[in-house]
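Protein chains in written order, with my numbering: chain A, 6 to 336; chain B, -16 to 308. Inspection log for the structure reproduced underneath, given as structure tokens.
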Amino acid sequence: MTDVPAPRHIPDRLDKPLRSAIFSWEALLVVVAVAIFVINSFASPYFLDPYSLSDLTFNFTEKGLIAFAMAMLIISGEIDLSVAAIIALASTMMGMAVQAGADSPTLVLIGIVVGLGCGAFNGLLVTRLGLPSIVVTIGTMSLFRGIAFIILGDQAYKGYPESFAFFGQGYVWWVVSFELVLFLIAAVVYWFLLHRTSFGRRVFAIGNNPVAAQFSGVRVGRTKFILFCLTGLMSGIASVLITSRLGSTRPSIAQGYELEVITMVVLGGVSILGGAGSILGVVLAAFIMGLVTFGLGLLNVPGIVMSIFIGLLLIIVIALPIVWRRLRGAR
Amino acid sequence: MKALLKYREIWLAAAIVVLIGLISTRFPAFADPGNLRQVFNDTSILMILALGQMVVILTRSIDLSMASNLCFTGMVVAMLNAAHPAIPIPLLIVIALLVGLVLGAINGLLVWRLNIPSIVVTLGTLTIYRGATFVLSGGAWVNADKMSPDFIGFQRAALLGIPVLSWIAILVIVLFFILMTRTALGRSIYAIGVNPTASVYAGIDVGRTKFIVFCISGMIGGLSGYLWISRYVIASVEVANGYELNIIAACVIGGISIAGGIGSVGGAVLGALFLGIISNALPVINISPFWQMAISGSAIILAVVLNARGERQQGRIILRKVEVA
Chain A
6 MTDVPAPRHI PDRLDKPLRS AIFSWEALLV VVAVAIFVIN SFASPYFLDP
56 YSLSDLTFNF TEKGLIAFAM AMLIISGEID LSVAAIIALA STMMGMAVQA
106 GADSPTLVLI GIVVGLGCGA FNGLLVTRLG LPSIVVTIGT MSLFRGIAFI
156 ILGDQAYKGY PESFAFFGQG YVWWVVSFEL VLFLIAAVVY WFLLHRTSFG
206 RRVFAIGNNP VAAQFSGVRV GRTKFILFCL TGLMSGIASV LITSRLGSTR
256 PSIAQGYELE VITMVVLGGV SILGGAGSIL GVVLAAFIMG LVTFGLGLLN
306 VPGIVMSIFI GLLLIIVIAL PIVWRRLRGA R
Chain B
-16 MKALLKYREI WLAAAIVVLI GLISTRFPAF ADPGNLRQVF NDTSILMILA
34 LGQMVVILTR SIDLSMASNL CFTGMVVAML NAAHPAIPIP LLIVIALLVG
84 LVLGAINGLL VWRLNIPSIV VTLGTLTIYR GATFVLSGGA WVNADKMSPD
134 FIGFQRAALL GIPVLSWIAI LVIVLFFILM TRTALGRSIY AIGVNPTASV
184 YAGIDVGRTK FIVFCISGMI GGLSGYLWIS RYVIASVEVA NGYELNIIAA
234 CVIGGISIAG GIGSVGGAVL GALFLGIISN ALPVINISPF WQMAISGSAI
284 ILAVVLNARG ERQQGRIILR KVEVA
């Protein structure tokens, strides 16, 4: 029993397409999602209703947006634990702007710029100084949220303009919320970026072997810097959505989101060791987490107990293929 | 002298002395021996936890579930005490250690037997253990008035002028010092962190060692569960929420490399002390406690920057030891 990991399977077009599709991680996630959907619809008569299904999406859209950028970051072998703190800081800055009488477009701009700035700060620390990202972002996590606490103390910012409520509460068409539309657009954009561009190719290359990538002419530092900026940017966008949905800012806003986002990414089949993963998996994982929390919510299961199911889901879904492979190997 | 300055612990100790000096310029009573003893006592639980986390990080793993383990075990012993006040405290501590051991062993088995990365396993058990606390307690709190006087008083009792809590911390520090410097297990832990592949060839069972390491951190989490609950005299689901990152922060400030293989008992203790002094000093020198997160965040970043520079010069700790010999 050694700790040396087996060579990772890097999928390419030479694989038998149908076979690899059936036994892929995404297929497993689809099965899990359908199973939970069916269980939910039997568990509660209120589940199969367009409005309640629409409410369901609010459970994952904000975290899902960050999860796309986080997936790319983790594929490149780094991690960002400060995303929730970035949300808090961006939301605090928006709150300050509201006190100064800013209008909605300005607020959105502030949220996005603060997010991007925080991401760039993380990126600079990691790439310029060559520090491990897990530690840097534990530090900036305290730092960003600490600044929010210094500014806000135990107070809250309220009084956001009415037009600002659209981003977190508005519907684009019938029951399709603005958040959901944004989530789907981001899914397509990130899918294209990761799986169809040379930038995405480089992200995988860095995650599999940063030294080899460097020697192949990939600018590892610059690529990672861009990825940190992207998680910051997505956190800024998520901050706009959450602040708009809640209509207020507290320094404890989005507490613990970082772990939920990472759970989503890992559940989506992204290797925490880097080098493997897909956006489709993350989308499915986001749906699954939304389904689980919403279904349990309909059954009046408290939030803290839901987290047991999310944690079990994470470990079981990761362990299943390993146990399966071992059983087949033993035969 | 030059050889001494190579050790990060010396620098950290110096930083702590400077910190205490700076604080005492504004508030002289802070450097008072009685107050420093108090600060040590206040930091004891964090020190114990940081040592448990240290052995995990040294093997290139991480235990994010420690604070949840603490919360669960604390609830178990608090409920036991509330229901059966006759159970003696030493037995309760043994129970806390065993409950923590079981939770740690679950982490360890998943990492060992299924080869799931520890960050994923403990991310899962982080939420599971805390959720289990809610299921166990039904969301109810155990308040001070339900706890027996012994339960609350044990760690506060003074022994040679020092509270039992501090003595427990000192005992744990000594045990970990012996473990890391005088036993084959400690040697294996360092070896795995420095080079897991080479460790396999050297005959070290990497998986089993990681299992043992998680058992250790689990027991530490359990012990801290009793200490925390009896210190803050309330057991609830919210206990130590998010504290796992403070523990890791103490390790990082103490110079324990997150990449494994580098770090010492002294470093972990001093890292925890550094954080403890900051949180103790802020109210004393009239800085709002809201500053605490920002200050400790900056301290972490600064510590990482300094560590990264140090590591480039010094190389791995085992190599350094060989050079000295």
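Note that CB positions come from ideal geometry on N, CA and C, so glycine has one too. As the structure is a prediction and not an experimental result, all values here were calculated from the model.
Spanning the alpha carbons of Phe126(A) and Ala192(A) requires a straight line of approximately 25 Å. At a cut-off of 7 Å between beta-carbon atoms, Met130(B) makes no contact with chain A. For the segment 37 to 49 of chain A, the beta-carbon criterion of a distance under 9 Å to any beta-carbon of chain B is satisfied by none of its residues. Interface criterion not met: the Cβ of Val39(B) is under 7 Å from no Cβ in chain A. Cβ neighbours of Ala76(A) within its own chain (closer than 7 Å, five residues either side excluded): Val270, Gly273, Val275, Gly282, Ile284, Val287. Using a Cβ-Cβ cut-off of 7 Å, Ile327(A) counts as an interface residue toward chain B, since at least one Cβ of chain B sits closer than that to its own. Gly91(B) and Ala181(B) have their alpha carbons spaced roughly 21 Å apart. For Leu301(A), the closest Cβ of chain B is not nearer than 7 Å.
Distance from the Cα of Val196(B) is smallest, within the candidate group Ser171(B), Val216(B), Ser207(B), for Ser171(B). The segment 79 to 91 of chain A makes contact with the segment 135 to 150 of chain A: 3 or more CB pairs, one atom from each, lie closer than 8 Å. With the rule of 3 Cβ pairs closer than 8 Å, the segment 59 to 76 of chain A counts as touching the segment 297 to 306 of chain A.
Nearest in C-alpha terms to Ala255(B), of all of Ala14(B), Leu2(B), Ile28(B), is Ile28(B). C-alpha of Leu187(A) to C-alpha of Ile199(B): approximately 46 Å in a straight line.
The beta carbons of Arg191(B) and Trp95(B) sit about 7 Å from each other, so the pair counts as a contact at 8 Å. When secondary structure is reduced to three states using DSSP, Thr254(A) falls in the strand class.
Along the segment 71 to 100 of chain B, the positions whose C-beta sits under 9 Å from a C-beta of chain A are Leu93, Trp95, Arg96, Leu97, Asn98, Ile99, Pro100, read in chain order.
The continuous alpha helix (DSSP H) containing Tyr56(A) extends over residues 55 to 62.
Secondary structure remark: continuous alpha helix (DSSP H) runs of at least 4 residues inside the segment 167 to 215 of chain B, in chain order: 167 to 177, 179 to 184, 189 to 215. Contact check for Ser213(B) against Gln275(B) fails: the beta carbons are separated by 7 Å or more. Here the alpha carbon of Val43(A) sits roughly 16 Å from the alpha carbon of Leu33(A).
Secondary structure note for Val223(A): it is in no beta strand (DSSP E), with a DSSP letter that is neither H nor E. Gln260(A) and Val181(A) have their C-alpha atoms spaced approximately 27 Å apart.
In this structure, DSSP gives Tyr162(A) an extended state, which the three-state scheme calls strand. Counting along the chain, Trp95(B) sits inside the alpha helix (DSSP H) bounded by residues 72 to 97. Beta-bridge analysis with DSSP links Ala218(B) to Val125(B). Annotated as proximal: Val82(B) and Thr56(B), with beta-carbon spacing under 7 Å. Partner residues in the beta bridge of Tyr176(A), as assigned by DSSP, are Ser182(A). Per DSSP, the continuous alpha helix (DSSP H) segment holding Ile(-1)(B) begins and ends at -9 to 9. Among the residues facing chain A, Trp211(B) is not included, as its CB has no counterpart in that chain under 7 Å away. Out of Gly249(B), Ile78(B), Gly169(B), the CA that lies nearest to the CA of Met62(B) is found in Ile78(B). Counting C-beta pairs closer than 8 Å gives three or more between the segment 4 to 15 of chain B and the segment 262 to 275 of chain B, which meets the contact rule.
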